[in-house]
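Notes follow the structure.
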Amino acid sequence: MMPETGSFLGFSSAQRQRLAEMSMHGAALEGTFATAAERDGAFEELHGRLAGENVERLRVLRDEVRRPLIRRLESRLVETLTALGFVEVTTPILMGKGALEKVGLGPRHPLWRQVYWVDQTRCLRPMLAPNLYYLLSHLQRLWPLPVRIFEVGPCFRKESKGASHLSEFTMLNLVELGPEGDAAERLEEIARLVVRPLGLEYQLQPKESEVYGATVDLEMDGLEVASGVAGPHPLDENWRIADPWAGWGLGLERLAMASERSPQIRRFGRSLMYLDGARLNLQAGKQAERKGEEG
Ligand code: ATP
Ligand code: MG
133 MMPETGSFLG
143 FSSAQRQRLA
153 EMSMHGAALE
163 GTFATAAERD
173 GAFEELHGRL
183 AGENVERLRV
193 LRDEVRRPLI
203 RRLESRLVET
213 LTALGFVEVT
223 TPILMGKGAL
233 EKVGLGPRHP
243 LWRQVYWVDQ
253 TRCLRPMLAP
263 NLYYLLSHLQ
273 RLWPLPVRIF
283 EVGPCFRKES
293 KGASHLSEFT
303 MLNLVELGPE
313 GDAAERLEEI
323 ARLVVRPLGL
333 EYQLQPKESE
343 VYGATVDLEM
353 DGLEVASGVA
363 GPHPLDENWR
373 IADPWAGWGL
383 GLERLAMASE
393 RSPQIRRFGR
403 SLMYLDGARL
413 NLQAGKQAER
423 KGEEG
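In our numbering, the protein residues as written are 133 to 427.
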C-alpha cells in the first residue's frame, strides 16, 4: 500500500489509467507528491491540459484535415505506391480455410489460435498474403514482369490485449514479383522509397517469422511497423510461382503510433472511444479524481 502522506505518494491507479487514456505517457505519470491534496491538484491540472489538447485535436480534424491520421497516411502510401507502378487490388475479407492452409497456417501453427472463424470453412482474414499470392498466380500469366500489386484493408487476429496489438487492424501488403535486380536488395529499396516521403526514421532488423522463416522487420523506435520477405520461398509452388519477389506487410495503426510517438495503438484503431487519436469522453476525469480521493 502507498502511504497517503509522505514523499512516496504517486497518482492513484485510476488517475494513472485516465492520464494514459488521454495520451499521457512516460515520466509524467510517475509524479510523487507530499499529500493527497497536492496529488489530486496536480492530476486535475494535467487532466485539464490533456482535455484541452484533445479538444484542439478534434477541432483540427473538423476544421482542417477532415480525415483521421491513419487514413491520411494510407492516402500518402497509396500515392507513393501507384507512382512506383504498384496496382491497388481489393480482395475478400472472408477467407477460406484452404487459403490459410496454403500458407502453412494449420492447427499446429501459432497463429491458428488467433483466427476468428465465422463458420466451419471461413474466417476473417488474419493476413492478406494468401489472396495476393492467388492474384499473382493469374497476373504472372497476364502481365509482363515485374508484376506489382498491393492491398490495404482490415485484418483480424485474436490478441491478448497489449499496447501495440489490436484485434482488428489495417494491413498494407505490397508485393513485386520478378524484380529487376536482387530481390533482397529490392526489398530494402522499396522500404526506402515508401517510407522516405513520410519523413520517418526506421531500422531494418533480420527476424524469424512463423509463416515465412527468414524475414526482415522494419522498426521505428523499437516498434515493429512492417515485416518484409524476399522470395523465392517454398510456399510459392502452391500457386505455381517460380520467380523471385519482394513483399512487405505494414500495419497502418503501428505507423500512426510511430509517427505520433505514442505508446498506445488503441488511439489509432477503429474505435468508439477515440476519434483520430482524441479521447471522446473528456468528462471522465472527475470520476478518476474521486477514485483518487478514495485511495
Ligand atoms: P507482432 O510480432 O508485433 O505480433 P507479427 O510479426 O505477428 O506482429 P506480421 O504478421 O508480420 O505481424 O504482420 C505485418 C504487420 O502487421 C506487423 O508488422 C504489424 O505492423 C501489423 N500487425 C500485425 N498484427 C497486428 C495487430 N494485432 N495489431 C496491429 N497491427 C498488427
Ligand atoms: Mg512480423
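Ideal placement from N, C-alpha and C gives every residue a C-beta, glycine not left out.
| message | Which same chain residues end up closer than 6 Å to glycine 379 when comparing Cβ atoms and leaving out the 5 residues on each side of it in sequence? | response | Val307, Val361
| query | Under the three-state reduction of DSSP, which class applies to glycine 230: helix, strand or coil? | reply | helix
| Alpha carbon to alpha carbon, what distance is there between proline 311 and proline 278? | 6 Å
| said: Using only CA atoms, which one of Glu356, Val326, Ala160, Tyr406 lies nearest to serine 207? | reply: Val326
| query | At which residues does the alpha helix (DSSP H) containing alanine 346 begin and terminate? | reply | Unbroken run through alanine 346 is the beta strand (DSSP E), 345–352; no alpha helix (DSSP H).
| query | Got a sec? Which residues, its chain only, sit under 6 Å from proline 200 by beta carbon, not counting five neighbours each side? | reply | Asp408
| field | Backbone CA spacing between phenylalanine 301 and leucine 412 [nearest angstrom] | value | 20 Å
| query | Nearest to threonine 212 by alpha carbon, out of Thr222, Pro329, Met405? | reply | Pro329
| query | Which runs of the beta strand (DSSP E) spanning at least 3 residues fall entirely within the stretch 248–302, listed in chain order? | reply | 254–256, 279–288
| request: Please report how far the alpha carbon of aspartate 251 lies from the alpha carbon of lysine 229, in whole angstroms. | output: 10 Å
| said: Given this structure, state the Cα-to-Cα distance separating tyrosine 334 from methionine 352, to the nearest angstrom. | reply: 5 Å
| Boundaries (first-last residue) of the alpha helix (DSSP H) holding serine 207 | 201–215
| Given glycine 354 as reference, the closest of Lys234, Met389, Ala160, Leu141 once Cα atoms are compared | Met389
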